[in-house]
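Participant: Protein sequences, first through last, are from chains R and S. full-length UniProt numbering puts the first residue of the first sequence at 1, with every later residue one more than the last. full-length UniProt numbering puts the first residue of the second sequence at 1, with every later residue one more than the last. Cβ atoms here follow ideal geometry from the backbone N, Cα and C, with glycine treated the same way. Fair warning: this is a prediction, and the values are worked out from it, not measured in the lab.
There are 2 protein chains.
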Amino acid sequence: MFRSIFAALFVLLFQLPARSQDMQIQAIQYTPAASLYVEGRFMPTKKPFQRVDTASYPLLPPAVKNLLTNSAGIAVTFKTNSSLVAAKWCVTKRKVGANMTAIAYKGLDLYIKNKGLWQYAGAVGPSGDCSEAILARNLGNQEKECLLYLPLYDEALSLEVGVLPGSKLEPLKDQFRKRVLIYGSSIVQGASASRPGMAYPARLSRMTGINFYNMGLSGNAKMEKAAADLVAGIQADAYVLDCVPNPSPEQITDRAAYLIRTLRERQPGKPIIVVQSIIREKGYFDSEIGAKIAAQNQAITTQVNALLKAGMKDLYLIKADGMLGSDHEGTVDGTHPNDLGFHRMLEILRPQILAILKKYPAFK
Amino acid sequence: MFRSIFAALFVLLFQLPARSQDMQIQAIQYTPAASLYVEGRFMPTKKPFQRVDTASYPLLPPAVKNLLTNSAGIAVTFKTNSSLVAAKWCVTKRKVGANMTAIAYKGLDLYIKNKGLWQYAGAVGPSGDCSEAILARNLGNQEKECLLYLPLYDEALSLEVGVLPGSKLEPLKDQFRKRVLIYGSSIVQGASASRPGMAYPARLSRMTGINFYNMGLSGNAKMEKAAADLVAGIQADAYVLDCVPNPSPEQITDRAAYLIRTLRERQPGKPIIVVQSIIREKGYFDSEIGAKIAAQNQAITTQVNALLKAGMKDLYLIKADGMLGSDHEGTVDGTHPNDLGFHRMLEILRPQILAILKKYPAFK
Numbered sequence: 001m002f003r004s005i006f007a008a009l010f011v012l013l014f015q016l017p018a019r020s021q022d023m024q025i026q027a028i029q030y031t032p033a034a035s036l037y038v039e040g041r042f043m044p045t046k047k048p049f050q051r052v053d054t055a056s057y058p059l060l061p062p063a064v065k066n067l068l069t070n071s072a073g074i075a076v077t078f079k080t081n082s083s084l085v086a087a088k089w090c091v092t093k094r095k096v097g098a099n100m101t102a103i104a105y106k107g108l109d110l111y112i113k114n115k116g117l118w119q120y121a122g123a124v125g126p127s128g129d130c131s132e133a134i135l136a137r138n139l140g141n142q143e144k145e146c147l148l149y150l151p152l153y154d155e156a157l158s159l160e161v162g163v164l165p166g167s168k169l170e171p172l173k174d175q176f177r178k179r180v181l182i183y184g185s186s187i188v189q190g191a192s193a194s195r196p197g198m199a200y201p202a203r204l205s206r207m208t209g210i211n212f213y214n215m216g217l218s219g220n221a222k223m224e225k226a227a228a229d230l231v232a233g234i235q236a237d238a239y240v241l242d243c244v245p246n247p248s249p250e251q252i253t254d255r256a257a258y259l260i261r262t263l264r265e266r267q268p269g270k271p272i273i274v275v276q277s278i279i280r281e282k283g284y285f286d287s288e289i290g291a292k293i294a295a296q297n298q299a300i301t302t303q304v305n306a307l308l309k310a311g312m313k314d315l316y317l318i319k320a321d322g323m324l325g326s327d328h329e330g331t332v333d334g335t336h337p338n339d340l341g342f343h344r345m346l347e348i349l350r351p352q353i354l355a356i357l358k359k360y361p362a363f364k
Numbered sequence: 001m002f003r004s005i006f007a008a009l010f011v012l013l014f015q016l017p018a019r020s021q022d023m024q025i026q027a028i029q030y031t032p033a034a035s036l037y038v039e040g041r042f043m044p045t046k047k048p049f050q051r052v053d054t055a056s057y058p059l060l061p062p063a064v065k066n067l068l069t070n071s072a073g074i075a076v077t078f079k080t081n082s083s084l085v086a087a088k089w090c091v092t093k094r095k096v097g098a099n100m101t102a103i104a105y106k107g108l109d110l111y112i113k114n115k116g117l118w119q120y121a122g123a124v125g126p127s128g129d130c131s132e133a134i135l136a137r138n139l140g141n142q143e144k145e146c147l148l149y150l151p152l153y154d155e156a157l158s159l160e161v162g163v164l165p166g167s168k169l170e171p172l173k174d175q176f177r178k179r180v181l182i183y184g185s186s187i188v189q190g191a192s193a194s195r196p197g198m199a200y201p202a203r204l205s206r207m208t209g210i211n212f213y214n215m216g217l218s219g220n221a222k223m224e225k226a227a228a229d230l231v232a233g234i235q236a237d238a239y240v241l242d243c244v245p246n247p248s249p250e251q252i253t254d255r256a257a258y259l260i261r262t263l264r265e266r267q268p269g270k271p272i273i274v275v276q277s278i279i280r281e282k283g284y285f286d287s288e289i290g291a292k293i294a295a296q297n298q299a300i301t302t303q304v305n306a307l308l309k310a311g312m313k314d315l316y317l318i319k320a321d322g323m324l325g326s327d328h329e330g331t332v333d334g335t336h337p338n339d340l341g342f343h344r345m346l347e348i349l350r351p352q353i354l355a356i357l358k359k360y361p362a363f364k
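1. State the Cα-Cα distance for the pair residue 358 of chain S and residue 355 of chain R, rounded to the nearest angstrom.
2. Could you give the DSSP three-state label for residue 272 of chain R: helix, strand or coil?
3. For the beta strand (DSSP E) that contains residue 215 of chain S, what are its first and last residues?
4. Am I right that residue 338 of chain S and residue 339 of chain R are in contact with their C-beta atoms under 8 Å? What's the rounded C-beta distance?
5. Please report how far the alpha carbon of residue 235 of chain R lies from the alpha carbon of residue 267 of chain R, in whole angstroms.
6. Which of the three DSSP states is assigned to residue 150 of chain R in this structure?
7. Do residue 148 of chain R and residue 75 of chain R have their C-beta atoms within less than 8 Å of each other?
8. Residues in the same chain with beta-carbon distance under 6 Å from residue 295 of chain S, minus the five sequence neighbours each way, listed in chain order, please.
9. Which residues mark the beginning and the end of the alpha helix (DSSP H) in which residue 262 of chain R is found?
10. According to the Cβ coordinates, are residue 288 of chain S and residue 138 of chain R closer than 8 Å?
11. For residue 50 of chain R, which three-state DSSP category applies?
12. Would you check if the distance between the CB atom of residue 199 of chain R and the CB atom of residue 73 of chain R is smaller than 8 Å?
13. Could you work out which residues of chain S lie near residue 186 of chain R, taking near to mean beta carbons separated by less than 8 Å?
14. How long is the line joining the alpha carbons of residue 103 of chain R and residue 153 of chain R, rounded to whole angstroms?
15. When DSSP labels each residue in this structure, what does residue 339 of chain R get in the three-state scheme?
16. From the beta carbon of residue 340 of chain R, is the nearest beta carbon of chain S less than 8 Å away?
17. Based on DSSP bridge pairs, tell me the residues matched to residue 78 of chain S.
18. May I have the straight-line CA-CA distance separating residue 274 of chain S from residue 255 of chain S, to the nearest angstrom?
19. Note down, in chain order, every chain S residue with its Cβ under 9 Å from the Cβ of residue 220 of chain R.
20. Please classify residue 282 of chain R: does DSSP put it in a helix, a strand, or coil?
21. Please determine if the segment 206-224 of chain S and the segment 175-189 of chain S are in contact, where contact requires at least 3 C-beta pairs separated by less than 8 Å.
22. Counting only the same chain and skipping the five closest in sequence on each side, list residues whose C-beta sits under 7 Å from that of residue 280 of chain R.
23. Would you say the beta carbon of residue 242 of chain R is closer than 7 Å to some non-hydrogen atom of the ligand FAD?
24. Give me the subset of the segment 279-302 of chain R whose CB atoms are less than 8 Å from a CB atom of chain S, sorted by chain position.
25. Ends of the alpha helix (DSSP H) at residue 95 of chain R?
26. Residues in its own chain within less than 8 Å of residue 164 of chain S by CB, not counting five upstream and five downstream?
27. Nearest CA to the CA of residue 156 of chain R: which residue from R:194, R:34, R:222, R:57?
28. 8 Å is my cut-off, CB to CB: does residue 76 of chain S come that close to chain R?
29. Spatial neighbours of residue 96 of chain S within its chain, please: C-beta separation below 6 Å, excluding the five flanking residues on both sides.
30. Just to confirm before moving on: does the CB-CB distance between residue 78 of chain S and residue 36 of chain S stay below 8 Å?
31. Note the first and the last residue of the continuous alpha helix (DSSP H) segment covering residue 288 of chain S.
32. Measuring only between beta-carbons, confirm whether residue 107 of chain R sits less than 8 Å from chain S.
33. Measuring alpha carbon to alpha carbon, tell me which residue in S:271, S:282, S:304, S:93 is nearest residue 253 of chain S.
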């Protein structure tokens, strides 16, 4: 008796809706995401899902230009009463790195607001260069506020958001206040978060309501002059420089002062927060890597201290000690944090960054 | 002056060793890993990196047989005084799932013992069906105890461990005591840990020193009769059944009692610990998924309670409440924990499992 009730319930719950869902899928209506609200661009751009119009910065190193096409930190916000949210999107043929999931590298990640907080609702990976996927379904017909993160490590060549026929789909503006630009390495860009919304600037934004902009540049946050000029020209209310892992100690010694001075001159009175390199887990056993990171952190500390001693104001240095915890389990490959490492990193970084920002009128 | 010292130091530290390392790489000497000590097999097997000789279990569903070829939970232990550890290995042509890294799916993960604790030392992904890679270098020439995890989601067709010429390389036996078999879903197998050593049975083993055996079977831990007979015939000191996520509520109602009773009969006096399904994050918004998991957990609770009421001894049920934390950030795709989710899961599971095991003489 109990079994047959269960069997009937099972059919009711899973079999019939599956068929009606197939019909729903055929009827999904798509809207170009560029017509919704696009977050995370540092300035208005011609390509809707690129952080910067790189054509306007001809002096940037080619690797930096290329990485700036990645949609790291870009998200689309909208509201809908559809009980299903889907997407069609295209990326390049680039191969997924071995230390990342395809969902993070080339996929999409949906959040829906629940009692004032952004809550994970669905993530999908690609099925080819162009993909179509349902992000979430059976959501009910109430109005929902949605935040859809784009691929961290690939270029989003196109994106459409799909809802059920007859549903409302509208832009949802200004979900985050103020702007904090984070210029940094692969760790900023999101290697190796498990999905786009788990990159640390995105998590910081959801945790604080402040717009943390992802200027992660994979292995190429090397403080070149042209990159420094770009960073200093981007309008934000505060600047985080998490770019110590990529340059050699010598490059840090050569380049950090120019970056920080230029930023100070062009953005007077705004906080500049420099973050030491996390201690790469590989460096605990590999004596060369250990020595390199120690030298990088020594070099940036020397540079920041010299600028402070020379009287520069509104400049801060956050140390990396203990940022990944003490059990050595916080990375995927000895260099890039996994979600556990990122969580621990934020437990150290977030209160220090917030304590600095709170000193400034823009964040009061 | 400071700059030129740095430049000289940089050349000394990074340029010259790089060249001598290239010569080291050419000279690496390989040894078949099967001649070292292989952990994680449930019984002696013909193929050295398979958990079970599936040919001996003709009644197993084909999907289960196929999944048992995956090297989830298999690790090789050895000691060496080589300052470099490398590997050559081959896997199948299977595609990496979008919710996992290639390192976890097809790669290798090395730990080295440090002051009595296993510590992460290096992980590598595949470069093709067959790969060669250095896991760690610059380790010094002291004797090191090593633990090398194999791919979680693919078959390791071959594996050789490489060390520098003239170095010692010997098997390292019995690093973990006793045996706890965990029969379960993709979550047990390791989706979506960032690397092989982050699968939760492997983390439990390193945390406790107890041998937790990974009988994760992706989406196919469905308690079929032949699978139940296999589980019940594997010699262990305790059994964890984390197999609620895969079967339908009706299948749980149909099959759980047979699995638990058979295990009880064939392994008298040993603890059987049943774990409810984690609440899939997708189910908070998707009402169908939410209802299905509630029904699965209701079904297993009913079955376990009926057996307890009928007088079965040494049977326990661990509830899933709060296992992934409260911020909804603990999964990669709404179903499979990321490393943050696994960490939280272990904070709940580990003390409960250990408290049960400690009641039994085998674990005292």
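Facilitator: In short:
1. 45 Å
2. strand
3. 210-216
4. 4 Å
5. 8 Å
6. coil
7. yes
8. 249
9. 249-266
10. yes
11. coil
12. yes
13. Those do not exist, as residue 186 of chain R stays about 14 Å from chain S at its closest Cβ, beyond 8 Å.
14. 10 Å
15. helix
16. yes
17. S:146, S:171
18. 14 Å
19. Within chain S, no residue comes near residue 220 of chain R; the closest Cβ sits about 18 Å away, beyond 9 Å.
20. helix
21. yes
22. 289, 293, 334, 335
23. The ligand FAD is not part of this structure, which contains no ligands at all.
24. 281, 282, 284, 285, 286, 287, 288, 289, 291, 292, 295, 299
25. Counting along the chain, residue 95 of chain R falls outside any alpha helix (DSSP H), and DSSP gives it neither H nor E.
26. 24, 27, 28, 29, 82, 83, 84
27. R:34
28. no
29. 102, 105
30. yes
31. 287-309
32. yes
33. S:304
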